[in-house]
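Per our numbering: the sequence shown = residues 442 to 773. Here is the structure we will look at.
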Amino acid sequence: MRASFVRADFDALAELWCRFMPPRYAVDAALLRSHTVESPLFDWGASAIELEDGRPVGFVVVKKSANPVLFKGPDPDAAHLNSMAFDRPEIAVDLLAYAKGTLRNRGVCRLVFGQDSRHFFPGCPADCPQLSSFLMVEGFECSPVEQFDVERDLRGFEPDEASMTPLGGLDTVRRQLQEGGDGDAPHVAWVGQANLRPIADFLEREFPGRWHHDVLDKIGTEGHGKVLGLFEQGVCHGFALTQQADDRLPIGGAVWCNDLGPDWGSLGPIGVSKAVRGRGLGKALLGAGLWGLSLRGAKRTIIDWTTLVDFYGAYGFEVSRTYRSLSLRLEP
């Protein structure tokens, strides 16, 4: 029997997810709920659950495009297959057919796997053959470009003195991370509601779209101390979003917090303005962000959805997951 998510049993859905996905992708009921029905983009009409004797044996979660509801950028004519799990392939065929039919009737042209706002997946994981094989059989086309999650244990991490020189050196940066920085010289400081305006202006200027939305939403949800800002002469020129085990709403790579283990950490996205590039401030901001996580007790830490394997490898990060973008054209 097909059912909607209106009165869904998320404990049972999480159990189904964990039966279907490899252990490293395990999620709990709260995380599954926050990234599906509690998302403003959850598509109640195209998402569905298959029940047998009152027990879920399959589900499909579809999200609407964030453009123009939350931010510009994603294809407004596309929808996102946020996630699916099933006990038997024939269940998945029927659920996906239902979702595709619903979307076609609305004029949606393309269905993208993952990459939605509050996503689980930036693409299809290479180590989930049951899922990837099913989607390929269903006609999803695969991008040749690979994306990666990278991880390392941050216990004992401390950036080298040379990398911190643009921010005044190790001792100065440690003080900025613990007490806050100010003045006209380049410095870092944790951002909260009290000093929100400069970073909001920076994001709108340099990274409008998803990063602007996600960073401000994270500050609004978690409060102070999650976003490290880079400032010079009173102007924000960079940011690094960090997350840890006390976060109420993990996003990005932090959704794999169960696999990362206790005292997990996450960094990203991160970016600096065009005006300060070439001065070593981007690397200094990255080092300071990782150091801030380490000083707060972060252990296994993830940087997600990147192609910069060699760049992050210089900081001790190693590839932990590999993804490829998949999308399906929905013919009228």
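Beta carbons are placed, not taken as given, at the ideal position from N, Cα and C, and that holds for glycine.
I'd like to know whether the C-beta atoms of residue i and residue j end up nearer to each other than 7 angstroms.
{"i": "K504", "j": "D557", "result": "yes"}
{"i": "P497", "j": "A507", "result": "no"}
{"i": "L552", "j": "A489", "result": "no"}
{"i": "A533", "j": "G499", "result": "yes"}
{"i": "R448", "j": "E491", "result": "no"}
{"i": "V591", "j": "I692", "result": "no"}
{"i": "A520", "j": "L544", "result": "yes"}
{"i": "F461", "j": "A526", "result": "yes"}
{"i": "G622", "j": "V629", "result": "yes"}
{"i": "P627", "j": "E673", "result": "yes"}
{"i": "R689", "j": "P607", "result": "no"}
{"i": "L454", "j": "L473", "result": "yes"}
{"i": "W771", "j": "V578", "result": "It is Leu, not Trp, that sits at residue 771 in the sequence shown. Contact: no."}
{"i": "F648", "j": "G723", "result": "no"}
{"i": "P463", "j": "R762", "result": "no"}
Could you tell me which of the options sits nearest to residue i, measuring between CA atoms?
{"i": "D452", "options": "M442, R443, P463 and A467", "result": "A467"}
{"i": "A695", "options": "V586, F561 and A444", "result": "F561"}
{"i": "K740", "options": "P517, K659, P703 and E772", "result": "P703"}
{"i": "C569", "options": "W485, A603 and R465", "result": "R465"}
{"i": "G675", "options": "L637, Q685, A686 and L690", "result": "L637"}
{"i": "G730", "options": "T662, A716 and Y756", "result": "Y756"}
{"i": "G661", "options": "G650, D528, F575 and Q634", "result": "Q634"}
{"i": "S714", "options": "E602, S573, G610 and G679", "result": "G679"}
{"i": "H784", "options": "W652, L618 and R646", "result": "Within the shown structure, residues of the chain are numbered from 442 to 773, placing residue 784 beyond reach of any answer."}
{"i": "T748", "options": "L608, F648, Q588 and D687", "result": "Q588"}
{"i": "E479", "options": "R559, V750 and P607", "result": "R559"}
{"i": "K667", "options": "G650, R737, C583 and F575", "result": "R737"}
{"i": "H476", "options": "W697, R762 and G624", "result": "W697"}
{"i": "Q571", "options": "G555, S584 and D528", "result": "D528"}
Residues bridged to residue i by DSSP?
{"i": "I744", "result": "V591"}
{"i": "E582", "result": "S768"}
{"i": "M525", "result": "V501"}
{"i": "H631", "result": "Here the sequence assigns Trp to residue 631, which means His is not the residue at that position. Partner(s): L669."}
{"i": "E759", "result": "E592"}
{"i": "E493", "result": "R496"}
{"i": "T683", "result": "L708"}
{"i": "L552", "result": "A520 and L769"}
{"i": "P566", "result": "Y764"}
{"i": "V713", "result": "G679"}
{"i": "F483", "result": "K504"}
{"i": "T739", "result": "Just to set this straight, residue 739 is Ala in the shown sequence, not Thr. Answer is none; A739 lacks a bridge partner."}
{"i": "R443", "result": "E491"}
For the putative contact between residue i and residue j, defined by C-beta atoms under 8 angstroms, what is the C-beta separation to the nearest angstrom?
{"i": "G709", "j": "L682", "result": "6 angstroms"}
{"i": "P726", "j": "L671", "result": "Here residue 726 turns out to be Leu, not Pro, going by the sequence shown. That pair is a contact at about 5 angstroms."}
{"i": "G564", "j": "R765", "result": "5 angstroms"}
{"i": "A487", "j": "A538", "result": "The pair is not a contact, with the Cβ atoms about 11 angstroms apart (cut-off 8 angstroms)."}
{"i": "P811", "j": "P517", "result": "The chain is shown from 442 up to 773; residue 811 falls before or after that span and cannot be answered."}
| Validate contact between the stretch 596-604 and the stretch 758-773 using beta carbons, cut 8 angstroms, 3 pairs | By the Cβ rule, the stretch 596-604 does not count as touching the stretch 758-773, because fewer than three pairs are nearer than 8 angstroms.
| task | Could you tell me whether the stretch 656-663 touches the stretch 633-646, using the rule of 3 or more Cβ pairs below 8 angstroms? | result | Yes, since at least three Cβ pairs between the stretch 656-663 and the stretch 633-646 fall closer than 8 angstroms, the two stretches touch.
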